[in-house]
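Here the structure is laid out as structure tokens; the discussion comes afterwards.
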Amino acid sequence: MPIRFDADYEMTIDGKGFVASDTLEVVNPATEEVIAHVPDCRKEQLDAAVEAAARAFPSWKAKPISTRKAAMGEIARHLEANVENLGKLMTLEQGKPLTDAIGEVQRSAMWFREIAKENLPVTQHVDENGRQFETRRVPLGVVGAITPWNFPVALGVWKVAPALLTGNTVVWKPSPFTPLCALKIGELLRSVVPQGVLNVVSGGDRLGPWLTEHPGIQKVAFTGSTATGRRVMQSAAGNLKRVTLELGGNDPAIVLPDVDVKVTAEKVFWGAFRNSAQVCIAAKRVYVHEKIYEEFSRALVAYAQTVKMGDGLEQGTKLGPIQNKPQFQRVRSLIENAKTEGLKFLTGGEPYQGRGYFVPVTIIDNPPENSKVVREEAFGPVLPLMKFNDIDEVVLQANNTDYGLAASVWSSDIEQAKKVAEQLECGTVWINSIQVLSPHVPFGGHKQSGIGVEHSLDGILEYTNSQTIVTQ
Ligand code: NAD
Numbered sequence: 014m015p016i017r018f019d020a021d022y023e024m025t026i027d028g029k030g031f032v033a034s035d036t037l038e039v040v041n042p043a044t045e046e047v048i049a050h051v052p053d054c055r056k057e058q059l060d061a062a063v064e065a066a067a068r069a070f071p072s073w074k075a076k077p078i079s080t081r082k083a084a085m086g087e088i089a090r091h092l093e094a095n096v097e098n099l100g101k102l103m104t105l106e107q108g109k110p111l112t113d114a115i116g117e118v119q120r121s122a123m124w125f126r127e128i129a130k131e132n133l134p135v136t137q138h139v140d141e142n143g144r145q146f147e148t149r150r151v152p153l154g155v156v157g158a159i160t161p162w163n164f165p166v167a168l169g170v171w172k173v174a175p176a177l178l179t180g181n182t183v184v185w186k187p188s189p190f191t192p193l194c195a196l197k198i199g200e201l202l203r204s205v206v207p208q209g210v211l212n213v214v215s216g217g218d219r220l221g222p223w224l225t226e227h228p229g230i231q232k233v234a235f236t237g238s239t240a241t242g243r244r245v246m247q248s249a250a251g252n253l254k255r256v257t258l259e260l261g262g263n264d265p266a267i268v269l270p271d272v273d274v275k276v277t278a279e280k281v282f283w284g285a286f287r288n289s290a291q292v293c294i295a296a297k298r299v300y301v302h303e304k305i306y307e308e309f310s311r312a313l314v315a316y317a318q319t320v321k322m323g324d325g326l327e328q329g330t331k332l333g334p335i336q337n338k339p340q341f342q343r344v345r346s347l348i349e350n351a352k353t354e355g356l357k358f359l360t361g362g363e364p365y366q367g368r369g370y371f372v373p374v375t376i377i378d379n380p381p382e383n384s385k386v387v388r389e390e391a392f393g394p395v396l397p398l399m400k401f402n403d404i405d406e407v408v409l410q411a412n413n414t415d416y417g418l419a420a421s422v423w424s425s426d427i428e429q430a431k432k433v434a435e436q437l438e439c440g441t442v443w444i445n446s447i448q449v450l451s452p453h454v455p456f457g458g459h460k461q462s463g464i465g466v467e468h469s470l471d472g473i474l475e476y477t478n479s480q481t482i483v484t485q
């Protein structure tokens with residue numbers, strides 16, 4: 014029977030649908046209307062999900078990898094067959110424009126297919142006494158996947174795909190602000206993977222800590238803020254769970270004086286404001302060489318004025334609202350703080366009049382390095398634009414943060430841009446582009462932006478232990 018996307022939001026535990034006695038409201042951030050109620054998972058329901066995943070583990074692990082790859086292909090087909098439904102649901106719960114939401118679902122299907130192309134290595138060594146060492150990779154057991162609200166499907170898929178490929182089973186907990194797509198994906202896949210292999214649970218603030226401290230879980234794959242990441246690591250220590258932590262960032266973009274100003278301003282605009290700047294790898298501090306600063310800032314503001322912000326379901330909308338009220342209030346207070354600090358606004362700064370958690374694109378003119386808007390990850394459309402004149406100095410400023418997720422360098426001199434890139438303390442540096450990721454390339458943060466990587470063989474191996482068999 015075809016599933017409904019506009020109702021019947023149930024958790025998936027052991028291949029079956031579950032509701033709970035308590036529910037949580039899900040709000041459309043563009044209208045502030047309650048659009049759904051979802052189960053608030055009880056502790057015994059989480060226990061049941063972990064037990065189901067543990068029961069499913071031995072046979073899932075024992076299947077040939079080709080069988081698991083075939084299941085991943087089936088998952089991709091199911092996502093593609095429901096791209097429109099999932100895309101619309103994502104716009105309703107997350108706020109992003111419909112084309113972006115559909116694109117996220119399409120890329121997620123592609124991600125399953127591409128991750129399924131990876132293979133687990135087996136290595137051999139023979140020592141001087143003729144002893145043979147063979148090392149292979151074995152799955153860990155039950156993986157707890159915890160995801161935030163900015164990319165409600167993609168960030169889950171980044172965890173579920175490598176976990177399933179390597180023979181682990183999963184309990185996925187989406188953000189309480191955006192649980193709808195994850196719950197529907199759980200429902201869609203009940204007939205695609207064996208019972209218990211993929212469980213999806215929704216719940217409020219209690220659920221994350223229950224999951225991270227659960228003794229039946231062997232690994233936590235987490236994307237979220239650095240503050241929560243620290244808590245996850247502490248609570249995972251109980252049974253020495255493996256952790257992969259993808260955390261916050263405060264990515265610098267460095268614009269050298271030899272760029273095509275108009276073209277670069279437009280690219281940097283999207284690098285900073287896509288998804289209304291609710292992107293871990295958004296450009297969050299833009300350093301522009303003083304020779305082109307005025308021209309660049311004018312081009313950036315002129316371009317910003319051509320971009321429509323609104324309800325993601327409306328034709329022509331390119332930027333949606335902030336996803337939830339607490340984050341909306343945080344971003345607003347960052348703007349108010351900038352005003353009290355006497356900072357100058359190139360555009361934006363005024364509250365939006367009307368319903369919905371909208372924050373107009375706000376660009377701040379050359380604020381001091383120690384201002385809050387430069388030091389903190391805004392995670393909303395508030396961008397500090399800074400002037401520099403010395404490359405060595407700007408590299409120091411770019412690195413002067415506890416974060417180390419990503420960065421971008423913009424220049425027509427690729428060799429010079431590479432020299433700058435190599436000095437930046439972060440996991441990824443893009444030259445003349447931004448936010449380009451691949452399922453086959455490692456992605457992860459340095460410093461307090463995370464531990465471990467996702468994607469590529471390196472990321473996949475984080476879902477395994479090595480096992481060596483020594484034959485005499
Ligand atoms: P968050 O840390 O508040 O929440 C993330 C998830 O953790 C949610 O599912 C939440 O319910 C859960 N959670 C909250 N407290 C928990 C606890 N004590 N134990 C276990 N789980 C808990 O983050 P958010 O506000 O949803 O997302 C925004 C943050 O995510 C930003 O800092 C952003 O930079 C970061 N982010 C990072 C990446 C990356 O790949 N590095 C990608 C996207 C977002």
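For what it's worth, this note's numbering labels the leading residue of the sequence shown as 14, then goes sequentially.
Just so it is clear, CB atoms sit at the ideal spot from N, CA and C, and this is done for glycine as well.
| Asked | Found |
| --- | --- |
| T160 versus V139: straight-line alpha-carbon distance, rounded | 43 Å |
| Cβ-based neighbour list, Q436, same chain, cut-off 6 Å, excluding 5 preceding and 5 following | V408 |
| Local Cβ density within 10 Å of I482, reported as buried at 16 or more and exposed below that | exposed |
| Nonlocal neighbours in the same chain, by C-beta distance under 7 Å from L202, ignoring five residues either side | I88, H91, L211 |
| heavy atom of the ligand NAD below 7 Å from W162 C-beta | yes |
| The segment 244-263 touching the segment 279-290, judged by at least three CB pairs closer than 8 Å | no |
| Inter-residue CB distance, V299 and L396 (contact presumed, cutoff 8 Å) | 6 Å |
| Distance, N142 Cα to R120 Cα | 50 Å |
| S479, DSSP secondary structure in three states | strand |
| Separation of P373 from E363, as counted between CA atoms | 8 Å |
| Own chain residues within Cβ distance below 6 Å of T417, not counting five before or after | Reading off the sequence shown, one finds Gly at residue 417, where the question assumed Thr. So the qualifying residues of the chain are E438, C439, G458, H459, K460, S462. |
| Member of A69, Y22, G325, V301 whose CA lies at the smallest distance from the CA of N41 | G325 |
| Near the ligand NAD: T241 beta-carbon under 7 Å from a heavy atom | yes |
| DSSP state of M322 mapped onto helix, strand, coil | strand |
| Touching by the beta-carbon criterion (3+ pairs, under 8 Å), the segment 234-241 and the segment 212-219 | no |
| Separation of G180 from K128, as counted between CA atoms | It is worth fixing the name first, because residue 128 is Ile in this sequence and not Lys. Taking the straight line from one Cα to the other gives about 13 Å. |
| Under the three-state DSSP convention, the category M24 falls into | strand |
| Short Cβ contact (8 Å threshold) for W171 with E467 | yes |
| Where P189 falls, given that 16 or more other Cβ within 10 Å makes a residue buried | buried |
| Other residues of its chain near L450: CB distance less than 6 Å, five sequence neighbours each side excluded | F456 |
| Inter-residue spacing [alpha-carbon to alpha-carbon] between V344 and P394 | 8 Å |
| Burial state of D113 (16 or more Cβ within 10 Å) | buried |
| Proximity to N402 [Cα-Cα], best of P222, K357, F341, D271 | D271 |
| M14, buried or exposed, once every other Cβ within 10 Å from all chains shown has been counted against 16 | exposed |
| Between the CA atoms of K400 and P380 - distance to the nearest angstrom | 9 Å |
| Coil, strand or helix - W124 by DSSP | helix |
| The ligand NAD heavy atom lying under 7 Å from the CB of R244 | yes |
| T236 beta carbon near the ligand FMN (any heavy atom closer than 7 Å) | Looking for the ligand FMN in the displayed structure turns up nothing; the ligands present are the ligand NAD. |
| Environment of F146 [buried if 16+ CB atoms lie within 10 Å] | exposed |
| Counted within 10 angstroms of its Cβ, other Cβ atoms place R150 as buried (16 or more) or exposed | buried |
| Cβ-heavy atom distance, C439 to the ligand NAD, below 7 Å | no |
| Helix, strand or coil at P71 [DSSP, three-state] | helix |
| Supposed close pair P334, F371 - CB separation, criterion 8 Å | 5 Å |
| Burial state of K197, where buried means 16 or more other Cβ atoms lie within 10 Å | buried |
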